[in-house]
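In the numbering used here, the protein residues as written are 933 to 1115. Glycine included, each C-beta is placed from N, C-alpha and C at the ideal position. See structure below.
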Amino acid sequence: MGHYCVNCGAPLVLKVFEGRELEACPNDDFVLWRDPKVSASIVVAAPGGIVVGRRAIEPGYGLWCLPGGFVNDDESPADAVVRECLEEIGARVEVDGLLDVYHAGRTTAPSLVVIAYRGRLAKGEKLSAGDEMLEVGVYPISELPELAFPSHRQALAKYAALRAEAASPPSPAQATSTRSRTQ
Ligand SMILES: [Zn+2]
């Protein structure tokens, strides 16, 4: 409460929009919408496993996470995740595709829409911890340290499941159903 209009400076008043009570300007059309912030993260494959960093900032100081961060207004989420990798793990990455999109609900700050990608370390790149990381490590999927954020754990689980699926040949049942569909 106690916010002011960004257009005219008037104290905002409560108004109802689509069943939600929001702070709005009494003079013009400014509404203080409660929107989520957009962040992007990436599961980066590197020789020896997956790249993770140990955080040198809050939230989650000292805990491990995937590289990633907030998407700026003037960049695409995929560009943002490449930039964040340069800043956090000191290396260029190639984005291979989208893993999934997650909603991380928060009450003391705007909730997050987390866009999770999969990718790889670009050829010849070496890792080095940026200012926001205490250290950067590469671990096989089965030996990764616990990650700080649920959306990162979900993205990693999805990545592991996709890899396992790609590595196993189709079962006889799947092969049969594929054949019957094409007849
Ligand atoms: Zn106003």
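Judged by DSSP in its simplified three-state form, Lys969 adopts strand. Look at which beta carbons fall closer than 6 Å to any heavy atom of ligand 1; those residues are Cys937, Asn939, Cys940, Ala942, Cys957, Asn959, Asp960, Phe962. With a beta-carbon spacing of about 5 Å, Leu1079 and Trp996 fall inside the 8 Å limit used to define contacts. In its own chain, leaving out the 5 sequence neighbours on each side, no residue places its CB closer than 7 Å to the CB of Gly934. Going by beta carbons, Tyr1071 and Gly981 fall inside the 7 Å limit. If you draw a 10 Å sphere on the C-beta of Ala1048, you find 16 or more other C-beta atoms in it, and that means buried.
In this structure, the beta-carbon distance from Glu1067 to Arg952 does not fall below 7 Å. Looking from the CA of Glu1019, the closest CA among Val1033, Leu1059, Gly994 belongs to Leu1059.
Three or more pairs of CB atoms, one per stretch, sit closer than 8 Å, so the segment 1074-1090 contacts the segment 968-975.
In the DSSP assignment, Arg1052 forms a beta bridge with Ala977, Glu1026.
The C-beta of Val984 has 16 or more other C-beta atoms within 10 Å across all chains shown, which makes the residue buried. For Arg1095, same chain residues with a beta-carbon under 8 Å away, outside a window of 5 residues either side, are Ile1073 in chain order. For Gly1022, the CB contacts under 8 Å within the same chain, skipping 5 residues up- and downstream, are Lys1058, Leu1059, Ser1060, Ala1061, Gly1062, Val1068 in chain order. Here the segment 944-961 makes no contact with the segment 1023-1034; the two share fewer than three CB pairs at distances below 8 Å.
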